[in-house]
Amino acid sequence: MMRGRCLCGAVTWVSGGPVLWAGHCHCDSCRRATGAPFTSFFGVPRAGVTWTGEMSKRLTSNGRVRRLFCKACGTQMAYQSDGWPDETHLYAASLEDPAQFKPEAHYHYAEKLPWVELRDELPRYPGSADATEPLP
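Okay, here's the thing in C-alpha cells:
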C-alpha cells in the first residue's frame, strides 16, 4: 500500500498499485508545471487511487491533460492524460515513504536541460517509452 499527501496535508491519496512504471520526466511541460529541472513520477491504475481533500484541476494540451493540485497549498498531486486513460501518474515526492519509489528510466530525455548531469545507469528514452527504444 502506498500513501501520499500534499505539503499542507489537506489532500491525501492511497493506492494499492500495482506500479505500472516509474521514472524521471524531463519534458518542458513537467519542468514548467513543477518548477524543477525534472520530476519523478510513477503510474498506477486510475481506478485504484483513493483521494481525500479538495483538489483543483488545470486542463492543458487542448483539454487532453489534467494536472491535479491541492486547492489549499497548490501542491501538484497527479497528472492524467487522455493518452493513458486508465492511469494516474503520481508524483514520487508526495509519497509518505519515499523509499517506495524505484525509478526505472528517464523519459523525454531529449528535452533534458543541458546543465543537468546524470550519473545513474537507468535507460534514457527520447520521449515516453511508448513505441520508442532507449537511447544508446
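Counting along the sequence shown from 1, when you hit position 28 you're at 42 in the numbering used here, and nothing is skipped either side.
C-beta atoms are modelled at their ideal positions from N, C-alpha and C, and glycine is treated no differently.
CB-CB under 8 Å to residue i, same chain, minus the five flanking residues each way: which ones, in chain order?
i, result
"T89", "C20, L21, C22, V25, F83 and S108"
"P148", "A119, P137, R138 and Y139"
"G62", "S29, G30 and G31"
With a CB to CB cut of under 6 Å and the five nearest residues on each side skipped, what residues in its chain are close to residue i?
i, result
"W35", "G57"
"L127", "P51"
"T53", "C39 and C44"
"C87", "C20, L21 and C22"
Determine, using beta carbons only, whether residue i comes closer than 7 Å to chain D.
i, result
"G31", "Judged by its chain identifiers, the structure shown contains no chain D, having just a single protein chain."
Quick one: give me the first and last residue of the alpha helix (DSSP H) that residue i is part of.
i, result
"R45", "D42 to T48"
How many Å lie between residue i and residue j at the Cα?
i, j, result
"G67", "K85", "9 Å"
"D100", "V130", "32 Å"
"P59", "G49", "26 Å"
"E110", "W27", "10 Å"
"R46", "G18", "22 Å"
"F115", "S142", "19 Å"
"D10", "E135", "In the structure displayed, the chain extends from 15 to 150; residue 10 sits before or after that span and is not available."
"R133", "M91", "28 Å"
"F55", "S70", "19 Å"
"L73", "H103", "15 Å"
"P117", "G37", "4 Å"
"Y121", "W98", "15 Å"
Counting along the chain, where does the beta strand (DSSP E) carrying residue i start and finish?
i, result
"R17", "M16 to R19"
Residues in its own chain within less than 7 Å of residue i by CB, not counting five upstream and five downstream?
i, result
"E125", "H40, C41 and D42"
"M15", "V28 and G30"
Tell me the DSSP bridge mates of residue i?
i, result
"R138", "H120"
Unbroken beta strand (DSSP E) runs of length 3 or more, entirely within the segment 27-114: which are they?
-> The segment 27-114 is shown to contain whole beta strand (DSSP E) runs of 3 or more residues at 35-39, 53-59, 63-66, 69-74, 79-84, 90-95 and 101-105, in chain order.
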